[in-house]
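In what follows, a single structure is set out as structure tokens and then discussed.
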Amino acid sequence: MTDVLINGEKKDNLNITDRGIQYGDGLFETIEVSSGRAVFIDRHLDRLQLGCKQLHIPYPGNPILLSEIDLLLEGASNAVLKIQITRGAGGRGYRQPDSVTPTRILSLHSFPKFPDSFTQEGINVTSCKGRLSSNPVLAGIKHTNRLEQVLARAEWVSESIQEGLMSDQQGNVIEGTMSNVFMVKEEKIITPLLDHCGVAGIIRGLILDFCPELGFVAEQQLVTKECLNDADEIFVTNSVIGVWPVRMIDNHRFSIGPVTRQISAYLEQLKNQEIHA
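Set out below in structure tokens:
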């Protein structure tokens, strides 16, 4: 299943001069659709708007995007919604055109089928050799140039490995190829600081916000590989998988503990509240 809207029209072709194709000049959001509802859509649109501001791309506005989302989701149940905003079509060369209209691309995809064991028994993670470059201007936002993640994901082919751990140029842990990373140490929840690289995921932000409600201290800080190996629990998150506990990184085993279970259950509760609101 793949349905596409480009600038509000149902079509599947794009101007070849679009800067999203030419230069990766744009942003995207990947959103879970459950029972026909785009989950945590307000947070996704907030991040999209922030990214547009950071890249100086005019934001289309929530009314337009929400209207197109409603159109695309007609008759949908469980799926994955992808929103892409590019700077638009026009001009060869890196200089931004003086006048350009952003391109809106909304596409609907089948929801991936993950084994229940990933959530219940945890996943295996490998450490990637490729490292993330440092660029504070792009840190946090989900821009469309994902070559570092593409190359990192190509580092393993074994189906026994579900995710790869990515580090910065200094070797500090930043994120997974498709996820954010959390560690639990003495009931303190820690996630890497993303001030010079990495993507500030929607679920990451949500967990940081609701941890105090559960009585947990949540912090963003520098995380070394040694620090991660000393964790009581580790889990990874994104908007499609939710929470996956980590049972092994390389040859280092971890317990799937009560904090991860509590975080996962509370996130599911919030999702259900949003779906049935």
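For any residue, its number in the numbering used here is found by taking its place in the sequence shown, counting from 1, and adding 6.
Glycine included, each C-beta is placed from N, C-alpha and C at the ideal position.
Problem set entry | For Asn244: DSSP bridge partner residues | Gly248
Problem set entry | DSSP three-state assignment for Cys134, whether helix, strand or coil | It is a strand residue.
For this session: Indicate the three-state DSSP secondary structure (helix, strand or coil) for Leu171 in the structure shown.
Result: strand
Exercise. When DSSP labels each residue in this structure, what does Gly26 get in the three-state scheme?
Worked result: helix
Exercise. Just reading off the alpha helix (DSSP H) that Thr266 is part of, what are its end residues?
Worked result: Counting along the chain, Thr266 sits inside the alpha helix (DSSP H) bounded by residues Pro264 to Ile281.
Exercise. Quick one: what's got a C-beta closer than 7 Å to Asn130's C-beta in the same chain, skipping five residues either side?
Worked result: Ser166, Ile167, Gln168, Arg253 and Met254
Problem set entry | Whole runs of the beta strand (DSSP E) within the region 63 to 95, excluding any shorter than 3 residues | Runs of the beta strand (DSSP E) spanning 3 or more residues and lying entirely within the region 63 to 95 occur at 85 to 92, in chain order.
Problem set entry | Residues of its chain near Thr150, where Cβ-Cβ distance is below 8 Å and the 5 sequence neighbours each way are ignored | Gly26, Gly30, Asp31, Gly32, Leu33, Phe34, Gln90 and Thr92
Exercise. So what does DSSP say about Ile195, is it helix, strand or coil?
Worked result: Ile195: strand per DSSP, three-state reduction.
Exercise. Between the beta-carbon of Gly146 and the beta-carbon of Val242, is there less than 8 Å?
Worked result: no
Exercise. How about Cys233 and Leu138: do their beta carbons lie closer than 8 Å?
Worked result: Taking 8 Å as the cut-off, the beta carbon of Cys233 is found no closer than this to the beta carbon of Leu138.
Problem set entry | Bridge-paired residues (DSSP) for Asn186 | Thr243
Exercise. By DSSP, does Thr36 sit in helix, in strand, or in coil?
Worked result: strand
Problem set entry | Helix, strand or coil at Glu232 [DSSP, three-state] | helix
Exercise. Does DSSP put Arg110 in a helix, a strand or coil?
Worked result: strand
Exercise. What is the rounded straight-line gap between the Cα of Pro218 and the Cα of Ala283?
Worked result: 23 Å
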